[in-house]
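Quick note: the sequence shown, position 126, residue 364 per the numbering used here, numbers continuous. Note that the Cβ used here is the ideal one computed from N, Cα and C, for glycine as well. This structure is a prediction, so every number in the text was calculated from the model and none was measured. As structure tokens, the structure follows; a few thoughts come after it.
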Amino acid sequence: MPQSSLSAFSRRERQIMEIVYRRGRATAGQIHRELPDRPSYSTVRTLLRVLEAKGYLSHASDGPRYVYAPCIAAEKAQRSALEQLLRTFFNNSAVSAMAALLDTSDLSEADLKRLGTLVRQAKNKEKSRD
């Protein structure tokens, strides 16, 4: 894993990583077309080189183009981002974060049922550790 934290992305780097994760792999042109408030193409290429130097992306040649892919599994990146969010805004409290999500979300009956199932599974997992 790269030395710097996954949460240490600039806004543009984060946008690029989101595109690459969503697509699985992408060319600079594809990324450029999907970025909001599109920067110049050369800026995108520079940011891709920076992300590659930091160890977050790798590339393979596809004819004259480079195709970029993430070096870190999406699940690991999600966990790192979530941990940073908890540290920054919720004093490392998952309960506080979940309460905030519940307060701001319009959850369907199916969503609530799924959450109940996940809570029960977490309780069972904790009991089995004891």
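*Buried or exposed: Met336, going by 16 or more other Cβ atoms within 10 Å of its Cβ?*
exposed
*Quick one: what's got a C-beta closer than 8 Å to Glu290's C-beta in the same chain, skipping five residues either side?*
Ser296, His297 and Tyr306
*Since I believe Leu286 is in contact with Ala266 (beta carbons under 8 Å), could you give me their beta-carbon distance rounded to a whole number of angstroms?*
6 Å
_Simplified DSSP assignment, three categories, for Asp344_ = coil
*Where Thr342 and Asn330 are concerned, what is the direct C-alpha to C-alpha distance, given to the nearest angstrom?*
19 Å
*Provide the residue(s) that pair with Thr265 in DSSP beta bridges, ordered along the chain.*
Val305
*Where Ser346 and Val357 are concerned, what is the direct C-alpha to C-alpha distance, given to the nearest angstrom?*
17 Å
*Is Gln316 buried or exposed, if buried means 16 or more other CB atoms sit within 10 Å of its CB?*
exposed
*Residue from Gln268, Gln359 and Lys361 whose Cα sits closest to the Cα of Arg303*: Gln268
*asked:* Cutting at 6 Å between CB atoms, please list the residues of its own chain near Gln241, excluding the five before and the five after it.
replied: In this prediction, Gln241 scores a pLDDT of 43, lower than 50, which makes its location untrustworthy; the coordinate-derived value is nonetheless stated afterwards. Nothing listed; no residue qualifies.
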